[in-house]
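Here the protein sequences come in this chain order: L and P. Residue numbering for the first sequence follows full-length UniProt numbering, starting at 1 and increasing by one per position. Residue numbering for the second sequence follows full-length UniProt numbering, starting at 1 and increasing by one per position. Down below is the structure, laid out as structure tokens.
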Amino acid sequence: MDIKVALVGNPNTGKSTLFNRLTGLNQKIGNFPGITVDKKTGFTKLAAHVEAEIIDLPGTYSLYPKSSDESIVFQVLADQKNNSHPDVIVLIADASNLKRNMLLYSQVADLGIPMILALNMIDLAEKQGIKINLDKLSQKLGVQVVSISARNNIGIDRLKQAIHHTNKVATQFQDVDVNSLAPEAINAIKSKINSDNDYYALQVLHQHEYLNFFTAQEQEEIEQIEQSHHFESAKVQAAETVARYQHLGAILSDVITDNGTAKKYSFSDRLDAVLTHKVWGFAIFLLILFVIFNAIFAWSSYPMDWIESGFGFITETGHEYLPAGMLTDLILDGVIAGLGGIFVFIPQIAILFAFISILEDTGYMARVTFMMDKIMSKVGLNGKSVVPMIGGLACAVPSIMAARNIENWKDRMITIMVTPLVSCSARLPVYILIISLIIPSENVLGIFNMQGLALMVMYLVGVVAAVLVAWVMKFLIKMKERSYFIMELPVYRMPRWKNVFYTMYEKSKTFVIEAGKVIIAISIILWVMAAFGPGNRFENIDKKYASALADTTKNTTHIETLIATEKLENSYVGILGHWIEPAIRPLGYDWKIGIGLITSFAAREAFVGTMATIYSVDGGDEDTSTIRERMAASVNSRTGLPVYTFATGISLMLFYAFAMQCMSTVAIVYRETKGWKWPVIQLAYMTAMAYFAALVAYQLLK
Amino acid sequence: MKLSHLKVGEKGTIVAFTDLDMSVKLMEMGCLPGETVEVERFAPLGDPMAIRVAGYQLCLRKSEADVIIIQ
């Protein structure tokens, strides 16, 4: 790579749009160690034979991080050994709100890395009557200043040229006297870390606890310097901020001319009057939520059906043409089936993120947070948690990815932890099967169908549980950082369709690659457990039915079903089902349900298919009426009583309402939290809650 | 007087902050002593509030607006 470029700027300045503009689909997503923000890098051609690597750093208002995600900005810029450390910084500033944006410029400039100032949204600023004298600004700052509009593709080539022509040595003036803020402490640090940069030394004093490139001994010595010179971090930060703004005021005074302040917000204001109105605001928000819900629930079902039948077709044809054997089964029933289970999520992910990206881009999402903050913050959630929670009604996987938009770490974690409690569409087949077994299809009060009521109650149970758990977690999850709600309300804009498309593509790709690995692994394990049994049990089953199968005069379909049933009972899954029976007997379950619980860890709806196999239903999970009949007729081998009583049914539904019976959700939580800690906590608390609720329900109702 | 006590449409000038940590964050967002702030609206449920400061719209909880002393 010829040159490394980092994009730095405030949130809402069009940084991602510029990143997309520069790199196109030539992007890579990686990890910054220790934080949940993705590291986005991409490549762009600056000149005929010069290529640049572009790194998109998280948006921040200053180098003093308010969250661990923001702390990465200083870490990357400060540590010369960091593999993201840039040769050139492009600081993107919103031309229509330059002064506030320049605070970050002024801080970054003092770090002494070559840089360029890109004034974005220059067309918008001009429309608002703001004129900026670029030459004068450039002279006063000592760096190249380029005006661009990433959205409308203005000035991008000039920016590329500027990057190409940037001096290897930093040229910016460092006019703010940083040293005078804490002279003794700064000088002590400078000699300690061998640096002649005052501002770098000052930042080390402020943030060394967060910098992982110092050794423990160095950390201690820095801490000692801090102590002995009575360094007061907040006070010095305040003084620095004031000094910088004063200096910026002087620089910008004869660079910017503004003649339209009064009128420029009228459009946004009029929209806000409606969109955050007491009645209309909520009504419109509900309508939008309904459209989103409908889209991921109903619209996505068509492409999902295509994907499912496509993979079904591959499996079937594969079994027909490939030589029968273990390897074929592993590839078709383990890997291909696993892949199908991954790709089937793409429509929902793409559709949900199309909406979210539009809501973010237009500025509406910030208003949602504004409107919902009071209710949601009471239970430990964020205004933005509403979207993942509603999305959770369709599927937890895209919804948990959507929690990425919540800036506050604690709110995001709580949202991720409780979203799977909202009843998703995969629970529906399980609920419907069990409700039809235990609830009579009668009307109460003339109009309400009992089964419909029961289904609604199950959905309510999920939402109430999510809210309660969120409220509990608000007290349990501790956060180092202080949390703020202080947030910009950006002006309303048209969505950028290209960004919408990029987001859909990027989120789907990330899911397939990152969560896909875990899903494939689990589905192979589950397949092995279901396809093999200890010793020669499987061979004996095959032998037992060999003669019956050989009789071509009779229909062998039912015999094949019987073989499948017996094999499942004797497989490792079947044995595990028997083994856990003592643990689930207090919940009213027998070992057959135990097997269903294990196989449906892949996905909840697999319970129905497993019941079809266990009760030897020829039509598989399509034939629900036969499954229902067989389940209703089944009796407990010990007690001789029916298995599916009212108590067992309620207990089973509650178990499915609360338990984390979904490997894709586990995988996506792993991916979103960048570790196994949170998915394991979630799996544990949800399973415990499910067990306890099912236990209480069964013991009270039996 | 505290910023949170203003009504919609009322203006004031920032003079001081009562919380040092919060003041750093507020100043980074453009709420500097000497700046004029105007209350634009309150959320439908009364909290948080949206103010106009330094040429843009900022929203914050009332508890956060409490630390801003205005004239």
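Where is the CB? At the ideal position from N, CA and C, for every residue including glycine. Keep in mind it's a predicted model, so treat the numbers as computed, not measured.
Which residues, in order along the segment 95-124 of chain L, keep a beta-carbon less than 7 Å from a beta-carbon of chain P?
Asn97, Lys99, Arg100 and Leu103
DSSP state of L:Val143, grouped into three classes?
Translated into the one-based positions of the first sequence, residue 143 of chain L becomes position 143. DSSP places L:Val143 in coil when its eight states are reduced to three.
For L:Phe213, count neighbouring Cβ atoms within 10 angstroms of its own Cβ and tell me buried if that reaches 16, exposed if not.
Walking along the first sequence from the start, residue 213 of chain L turns up at place 213. Exposed is the call here.
Measuring CB atoms only, is the segment 457-471 of chain L touching the segment 36-43 of chain P, in the sense that at least three cross pairs come out at less than 8 Å?
no
Name the chain P residues whose beta carbon is nearer than 8 Å to that of residue 709 of chain L?
Since the first residue of chain L shown is 1 and the last is 702, residue 709 of chain L is not available in this structure.
Using C-beta distances below 6 Å, list every residue in its chain close to L:Ser268, excluding the 5 sequence neighbours before and after it, in chain order.
Against the first sequence, residue 268 of chain L aligns to sequence position 268. Hits under 6 Å: Val491 and Tyr492.
Quick one: is L:Tyr321 buried, meaning 16 or more other Cβ sit within 10 Å of its Cβ, or exposed?
Here residue 321 of chain L refers to the residue found at position 321 of the first sequence. Around the CB of L:Tyr321, fewer than 16 other CB atoms lie within 10 Å, so the residue is classed as exposed.
In terms of DSSP beta bridges, what is L:Thr257 paired with?
Counting from 1 along the first sequence, the entry for residue 257 of chain L is found at position 257. DSSP, once it has assigned bridges, lists L:Lys131 as partnering L:Thr257.
Below 8 Å on the Cβ atoms is my contact criterion, and I expect L:Gly14 with L:Arg151 to pass it. Report the Cβ-Cβ distance as a whole number of Å.
On the first sequence, residue 14 of chain L is found 14 positions in, with the first residue counted as 1. On the first sequence, residue 151 of chain L is found 151 positions in, with the first residue counted as 1. Yes, they are in contact, since the Cβ atoms of L:Gly14 and L:Arg151 sit about 6 Å apart, within 8 Å.
Give, in chain order, every unbroken run of the alpha helix (DSSP H) that is at least 4 residues long and sits entirely within the segment 9-87 of chain L.
The segment 9-87 of chain L contains these whole alpha helix (DSSP H) runs: 15-23 and 68-78.
Which of helix, strand or coil does DSSP assign to L:Gln237?
In the first sequence, counting from the first residue as 1, residue 237 of chain L sits at position 237. Helix at L:Gln237.
Would you mind sorting L:Asn443 into buried or exposed? The rule is 16 or more other CB atoms within 10 Å of its CB.
Mapped onto the first sequence, residue 443 of chain L falls at position 443. Label assigned to L:Asn443: exposed.
Note down, in chain order, every chain L residue with its Cβ under 9 Å from the Cβ of P:Gly12.
By 1-based counting over the second sequence, the position of residue 12 of chain P is 12. Per Cβ cutoff of 9 Å: no residues; P:Gly12 is ~17 Å from chain L at best.
Taking only beta-carbon positions, decide if L:Lys378 is within less than 8 Å of chain P.
For this step, residue 378 of chain L is matched to residue 378 along the first sequence. Not closer than 8 Å to any Cβ of chain P, the Cβ of L:Lys378 fails to qualify, so no.
Could you check the C-alpha separation between L:Val463 and P:Val39 for me, to the nearest Å?
For this step, residue 463 of chain L is matched to residue 463 along the first sequence. For this step, residue 39 of chain P is matched to residue 39 along the second sequence. Cα-Cα distance, rounded: 35 Å.
Do we get a CB-CB distance below 8 Å when we pair P:Val24 with the residues of chain L?
The residue given as residue 24 of chain P occupies position 24 in the second sequence. Chain L contact via Cβ: present.
Which residues share a DSSP beta bridge with L:Met401?
Within the first sequence, residue 401 of chain L is the residue found at index 401, counting from 1. Answer is none; L:Met401 lacks a bridge partner.
Out of curiosity, what's the CA-to-CA distance linking P:Ser23 and L:Gln203?
Along the second sequence, read from residue 1 onward, the residue named residue 23 of chain P stands at position 23. Along the first sequence, read from residue 1 onward, the residue named residue 203 of chain L stands at position 203. Answer to the nearest angstrom: the Cα atoms are 18 Å apart.
Let's see if you can read the secondary structure: which residues bound the beta strand (DSSP E) around P:Thr18?
Start at 1 with the first residue of the second sequence, and residue 18 of chain P comes out as number 18. Taken as a continuous stretch (DSSP letters only), P:Thr18 belongs to no beta strand (DSSP E), as it is neither H nor E.
Quick check: what's the CA-CA separation for L:His206 versus L:Phe231?
Within the first sequence, numbered from 1, the residue matching residue 206 of chain L stands at position 206. Within the first sequence, numbered from 1, the residue matching residue 231 of chain L stands at position 231. Approximately 9 Å, taken between the alpha carbons.
Given that L:Lys374 touches chain P, what residues does it touch there, using C-beta distances under 9 Å?
Along the first sequence, read from residue 1 onward, the residue named residue 374 of chain L stands at position 374. The answer, in chain order, is Ala43, Pro44, Leu45, Gly46, Asp47, Pro48 and Arg61.
Would you kindly report the start and end of the unbroken alpha helix (DSSP H) that includes L:Arg630?
In the first sequence, residue 630 of chain L corresponds to position 630, counting from 1. L:Arg630 -> alpha helix (DSSP H) spans Thr624 to Ala633.
Per DSSP, L:Met473 forms a beta bridge with which residues?
To locate residue 473 of chain L, count along the first sequence from 1; it is residue 473. Answer is none; L:Met473 lacks a bridge partner.
How about L:Met121 and L:Asp157: are their beta carbons less than 8 Å apart?
Here the question's residue 121 of chain L lines up with position 121 in the first sequence. Here the question's residue 157 of chain L lines up with position 157 in the first sequence. Contact: no.
Give the DSSP bridge partners of L:Asn153, in chain order.
Position 153 of the first sequence, counting from 1, holds the residue named residue 153 of chain L. DSSP lists no partner for L:Asn153.
If you run the structure through DSSP and keep just helix, strand and coil, what is residue 703 of chain L?
Since the first residue shown for chain L is 1 and the last is 702, residue 703 of chain L is missing from the structure and cannot be characterised.
Taking C-beta to C-beta, are L:Glu119 and P:Cys59 nearer than 8 Å?
Position 119 of the first sequence holds residue 119 of chain L. Position 59 of the second sequence holds residue 59 of chain P. Looking at the sequence shown, residue 119 of chain L is not Glu but Leu. Going by C-beta atoms, L:Leu119 is not nearer than 8 Å to P:Cys59.
Compare the beta carbon distance of L:Tyr572 and L:Phe532 with 8 Å and say whether it is the shorter of the two.
For this step, residue 572 of chain L is matched to residue 572 along the first sequence. For this step, residue 532 of chain L is matched to residue 532 along the first sequence. For L:Tyr572 and L:Phe532, yes; Cβs fall inside 8 Å.
Would you call L:Leu359 buried or exposed, if buried means 16 or more other Cβ atoms sit within 10 Å of its Cβ?
On the first sequence, residue 359 of chain L is found 359 positions in, with the first residue counted as 1. Under this definition L:Leu359 is a buried residue.
Along the chain, where does the alpha helix (DSSP H) that runs through L:Ile438 open and close?
Against the first sequence, residue 438 of chain L aligns to sequence position 438. It spans Arg427 to Ile438 - the alpha helix (DSSP H) in which L:Ile438 sits, taken as one unbroken run.
For L:Ile541, does the three-state DSSP call read helix, strand or coil?
As a working note, residue 541 of chain L is residue 541 in the first sequence. Helix.
Tell me which residue opens and which closes the alpha helix (DSSP H) that L:Tyr644 is part of.
Mapped onto the first sequence, residue 644 of chain L falls at position 644. Premise fails: L:Tyr644 is in no alpha helix (DSSP H) and is neither H nor E.
So which residues of chain L does P:Glu38 contact, with C-beta pairs closer than 7 Å?
Indexing the second sequence from 1 puts residue 38 of chain P at position 38. Correct list: empty, because the minimum Cβ distance to chain L is about 11 Å.
What did DSSP end up calling L:Leu489 once you bin it into helix, strand or coil?
Residue mapping note: residue 489 of chain L aligns to position 489 of the first sequence, counting from 1. In this structure, L:Leu489 counts as strand in the three-state DSSP scheme.
Tell me which residue opens and which closes the alpha helix (DSSP H) that L:Glu566 is part of.
In the first sequence, the residue the question calls residue 566 of chain L occupies position 566. Thr557 to Asn570 is the span of the alpha helix (DSSP H), which, as asked, contains L:Glu566.
Could you check where the beta strand (DSSP E) with P:Arg41 kicks off and where it finishes?
By 1-based counting over the second sequence, the position of residue 41 of chain P is 41. Looking at the DSSP string, the run of the beta strand (DSSP E) that includes P:Arg41 is Thr36 to Phe42.
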